[in-house]
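One structure is given below, encoded as structure tokens.
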Amino acid sequence: MNKIRIAGFHYLQLQQHLFPGDNKEAVAIALCGRSSHNGNHTLLVQDLLLVPYGICERKKDFIRWPTDVINPFLEKAAKHHLAIVKIHCHPGPGIHEFFSDLDNASDQLLFKSIHSWIDDDLPHASCIMLPNGMLFGRFFNRRMETETVHRISVAGSDVVIWDYSNERSGIVDEYQLRNLQAFGKKTVHILNKMKIIVVGCSGTGSPVIEQLKRLGVGELVLIDPDFTDDVNLNRIIGTTSADAAAKTMKVDVMRRGIGEVGMGTKVTTFASHISKYEIIKEVADGDYLISCVDGAEGRHILNMVSSFYLLPLTDMGVKLNADSNGGIKNIFGSVHFIQPGGSSLLSRQQYDLDSLLAESIKRTDKEEYARNQYLANVNESQPAVISINMQVAATAVNDFLARIHPYRNMANSEIDAIKIDFADAVSYSDMYPEPCPFFRKWVGKGDIKPLLNSPELSHVKKVA
């Protein structure tokens, strides 16, 4: 499958440049990282050149522009095996999803030149944006053969997916009539074709998975290194005392439950920590990331994947403070939505670097962790109540649904986080408008070496 992904802030720049209000064509060039996995080739927009109007000849159905303005992008692409994507608009009314004869002629000239300059046999692409913001496109290989871009997605406050593939989901409409009544065919069929990654299958993870499988998500990738124990029976949906006795892996309990429902959701599981090369590649090939982890390291890795591979990320957490006498001091829940190039879980102080370092050392070198008194304490367990977890999980899934099918009175751009204070029985939204400088620099980098710029991922490791 051929795919293109765009961060929300880049998509807004494109819309503003391509449709300035004068009803004339305009053009932009995207420099893109690449991701390849299981036959899928994805182009990831990492930088934009908005070709100035003043150097172009522009009409409502025609544009001529000096192609030498893209030479700096060509030099970078040739050096780092990046991709060039040409994006222009069709501003007039009645324009449909096709390339005109003029488009065909200009693309032939441009991409012959690009392939002559960048001699690596990798594809580049041309896209058209329509007045409603819709994008469609085609890949050009070195032989100047074209292939449809099967999926174009925008990871912004609104999560937008245009699917042009002929692939059918394994979930039939008869199983989801009530979902169709609520969200309509367009949104439900997007869900049916989505590949959603859930990291953590315990307190918040299991109710998240329970909701996603009944919403008709086409594919779930579940990641959790732990087995079921007696202490899990009070909060993990589908677990039994037999699972605890047999120490059944949590991902296997979730897989079993999805199979028993029988709606047709495809499941891939990893009974391992996320910090493995093969797992990162599978995660990066998804459409949406959901973090149901407690610690800093899992959150950090998922935020890195979100930035490198332009994937939206939902993270959730629960903090329950008990008084050690059978009472509860307070209970808080939070759901954070992360879009590439915006604020991060780090800049929002959902974890800190000291905890990240401590967790990483504890996972890779327990002896060093034990003898290093300067490392942060890694908390092993916290109080957990299923009713609290389920409310936070439901809030997270409803926020996800609002991103792909906006239904709230507030714009999604005004909601970066939802926070719940159970003691005061209030919930409220929050905004984090400042981009995180650390994560922004990795936007759209894709499959660099080492993966995620992490020495630990410098070569393929087998999953334990």
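Under the working numbering, the final residue of the sequence shown carries the number 465; numbering is consecutive throughout.
For every residue, glycine included, the Cβ atom is placed at its ideal position computed from N, Cα and C.
Once the 5 residues before and after G204 are set aside, which same chain residues still bring their CB inside 6 Å of it? These residues qualify, in order along the chain: R236, A385, N390.
Measure the beta-carbon distance from I5 to A126 and round it to whole angstroms, keeping in mind my assumption that it falls under 8 Å. The beta-carbon separation of I5 and A126, rounded to 6 Å, stays under the 8 Å limit for a contact.
I need the DSSP call for R59, collapsed to helix, strand or coil. In this structure, R59 counts as strand in the three-state DSSP scheme.
In chain order, each beta strand (DSSP E) run of at least 3 residues that lies wholly inside the segment 277-330: Scanning the segment 277-330 for uninterrupted beta strand (DSSP E) segments of 3 residues or longer gives 289-292, 314-323, listed from N- to C-terminal end.
Name the residue from S166, I85, L181 whose alpha carbon lies nearest to the alpha carbon of R143. Comparing alpha-carbon positions, the option among S166, I85, L181 lying closest to R143 turns out to be I85.
To the nearest angstrom, report how far apart N233 and G258 are at their CA atoms. One C-alpha to the other measures close to 16 Å.
Return the chain-ordered ranges of every beta strand (DSSP E) run that is complete within the segment 168-235 and spans a minimum of 3 residues. If only uninterrupted beta strand (DSSP E) runs of at least 3 residues are considered, those enclosed by the segment 168-235 are 196-200, 220-224.
Spatial distance of V218 from T68 (CA atoms): Spanning the two alpha carbons is a distance of roughly 43 Å.
Supposed close pair S154, V161 - CB separation, criterion 8 Å: That pair is a contact at about 7 Å.
What residues in its chain sit with their C-beta under 6 Å from that of A397, if we drop five residues either side in the sequence? Cβ within range, chain order: T315, M317, V336.
When DSSP labels each residue in this structure, what does K463 get in the three-state scheme? The predicted model places K463 with a pLDDT of 47, which falls under 50 and marks its position as unreliable; any figure quoted below should be read in that light. In the three-state reduction of the DSSP assignment, K463 falls in the coil class, being assigned neither a helical nor a strand state.
Can you grab the Cα-Cα spacing for the pair Q14 / D324, in whole Å? Straight across, the Cα-Cα distance linking Q14 with D324 is about 51 Å.
Relative to the alpha-carbon of R35, which residue among A79, Q16, Y165 has its alpha-carbon at the smallest distance? Selected option, being the one with the closest Cα: A79.
Residue burial classification, A424 (beta-carbon count within 10 angstroms, cutoff 16): Burial state of A424 is exposed, judged by a 10 Å Cβ sphere holding fewer than 16 other Cβ atoms.
T270 and D288 closer than 8 Å at C-beta: No, these two residues do not count as a Cβ contact at 8 Å.
With DSSP run on the structure shown, which of helix, strand or coil describes H116? For H116, the secondary structure class from DSSP, reduced to helix, strand or coil, is helix.
Restricting to Cα atoms, I'd like to know which of E76, E360, S414 is closest to D120. In terms of CA proximity to D120, E76 leads the group E76, E360, S414.
Based on DSSP bridge pairs, tell me the residues matched to D48. D48 pairs with L32.
Sort L136, M2, I64 by Cα distance to Q16 and report the nearest one. Out of L136, M2, I64, L136 has the C-alpha closest to the C-alpha of Q16.
Who pairs with L136 in a beta bridge, going by DSSP? According to DSSP, which records beta bridges pairwise, L136 is partnered with M130.
Cβ distance (whole Å) where L221 is taken to contact I210 below 8 Å: Right, the Cβ-Cβ distance comes to about 7 Å (below 8 Å), so this counts as a contact.
Test item: CB-CB of S158 and N399 under 8 Å: It is not a contact, given that the beta carbons lie outside the stated cut-off.
Which word fits A247, buried or exposed, when buried means at least 16 other C-beta atoms lie within 10 angstroms of its C-beta? Here A247 is exposed: its Cβ has fewer than 16 other Cβ atoms, across all protein chains shown, within 10 Å.
Alpha carbon to alpha carbon, how far is L32 from I7? One C-alpha to the other measures close to 11 Å.
Sufficient close CB pairs (3 or more, under 8 Å) joining the segment 449-457 to the segment 270-286: A contact exists between the segment 449-457 and the segment 270-286.
Can you grab the Cα-Cα spacing for the pair P226 / M250, in whole Å? Distance between the alpha carbons of P226 and M250: 8 Å.
Between the CA atoms of S273 and F309 - distance to the nearest angstrom: Here the C-alpha atom of F309 lies approximately 22 Å from the C-alpha atom of S273.
Whole-angstrom distance between H91 and H42, CA atom to CA atom: For the pair H42 and H91, the Cα-to-Cα distance works out to about 26 Å.
Cα separation between A1 and L321? Any question about residue 1 goes unanswered here, given that the chain covers just 2 to 465.
Tell me whether the beta-carbon of S428 lies closer than 8 Å to the beta-carbon of I419. Yes, they are a contact pair.
To the nearest angstrom, how far is the alpha carbon of M130 from that of H38? Their backbone Cα atoms lie some 27 Å apart in a straight line.
Reduced DSSP secondary structure (H/G/I, E/B, other) of K87: Taken through DSSP and simplified to helix, strand or coil, K87 comes out as strand.
Alpha carbon to alpha carbon, how far is L357 from E298? Give it in angstroms, no decimals. For E298 and L357, the distance between alpha carbons rounds to 5 Å.
Spatial distance of E457 from L311 (CA atoms): Rounded to whole angstroms, E457 to L311 spans 22 Å at the Cα level.
I believe L466 touches H18 by the beta-carbon criterion, under 8 Å. Please report the beta-carbon distance rounded to the nearest angstrom. The structure shown does not extend to residue 466, since the chain is modelled only from 2 through 465, so no value can be given for it.
Can you tell me whether DSSP reads V150 as helix, strand or coil? The answer is coil: DSSP assigns V150 none of H, G, I, E or B.
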